[in-house]
Every structure is written in structure tokens, then in C-alpha cells.
Amino acid sequence: MTKGMVIIGAGECGGRAALALRDLGYDGPVTLVGDEPHLPYERPPLSKDAMASDAPSIKAIASDEILSERSIRHIHSVQAMAIDRAAHVVHLSDGSVLPYDKLLLATGSTPRKLPMPGLGARCVYLR
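Structure representation (C-alpha cells):
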């Protein structure tokens, strides 16, 4: 029995990767794991336009219905806590364990906050 593909990171990259697997004919199980409580969404470009009041609303990459139709399991609001490469499993923050044949890490990044005195609340990190 195939364990399938687990994608850690349900952001734009992870969501598009899951859909691309189906577009390319992959028919094994696909599980998308993310710590955010919502569907994968398009990240707006980093620009002054993104901060404007008339900026476009956040657009989901795919609805729950599309993910279901494409047989993509979306596990949200949990973190991948550990990867056991020898056993081919991912341990999640809710205590569950996901087996996998293939693993894709699409976790994105976190901005590095500069340790500069005086920044305080004046410093805004978009990503």
C-alpha cells in the first residue's frame, strides 16, 4: 500500500505543488499540512500597493471542494514537529503521525528581525 506524498507547508507553494501533482497525473495519496487555520492562498506582491486600502482581498488557491475533488487531504492548524526519515513518518503537533513515501518541504520563510535599538513598534515586517 502506498503512503503517498506529504507536503509540509500549506502556503502558496505547498498548495500549488499539491495541485500540480494531480495535474501531472500523480494518483497516490496527497496530504497538505499547514499551521495556518485557512486554505492555501495567494500571497500578494510585496509593494506599496499591497498596503493600500484598495488592495485586492486574499484569494484562496483552491476551495475545500476542489481539494476534495482532486483527492488532496488538507490538514490545517497543526505543525510538523519532527520528521523521522528512517521510518518515513512526520510527527504532528496534535500527536498524530503521518506516514509518507515522498516528502516535500514547502515551509516558506520567516523574516529575520534586526536587533537595532529604537525600532520597536515602528518596524513592520510583511514577510
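Residue numbers (the working numbering): 17 to 143. Quick reminder that beta carbons are idealized off the backbone N, C-alpha and C, glycines included.
What are the partner residues of residue 115, as DSSP defines its beta bridges?
For the purposes of this step, residue 115 is taken as the residue at position 99 of the sequence shown. Beta-bridge pairing links residue 115 to 105.
Residue 28: beta carbon under 8 Å from a heavy atom of the ligand MG?
The ligand MG is not among the ligands present in this structure, which contains no ligands whatsoever.
Please state if the CB of residue 49 and the CB of residue 105 are separated by a distance shorter than 9 Å.
Counting from one through the sequence shown, the residue named residue 105 turns up at place 89. Counting from one through the sequence shown, the residue named residue 49 turns up at place 33. It is not a contact, given that the beta carbons lie outside the stated cut-off.
Among 133, 22, 29, 24, which has the Cα closest to the Cα of residue 77?
Numbered from its first residue, the sequence shown carries residue 77 at position 61. Nearest C-alpha to residue 77: 29.
Determine the direct distance from the alpha carbon of residue 133 to that of residue 22, and round the result to whole angstroms.
Locating residue 22 in the sequence shown gives position 6, where the first residue counts as 1. Locating residue 133 in the sequence shown gives position 117, where the first residue counts as 1. Taking the straight line joining both Cα atoms gives about 42 Å.
What span of residues does the beta strand (DSSP E) with residue 89 cover, start to end?
Position 73 of the sequence shown, counted from the first residue, corresponds to residue 89. It spans 88–91 - the beta strand (DSSP E) in which residue 89 sits, taken as one unbroken run.
I'd like the span of the beta strand (DSSP E) that includes residue 48, first residue to last.
Residue numbering aside, residue 48 sits at position 32 when the sequence shown is read from its first letter. Looking at the DSSP string, the run of the beta strand (DSSP E) that includes residue 48 is 46–49.
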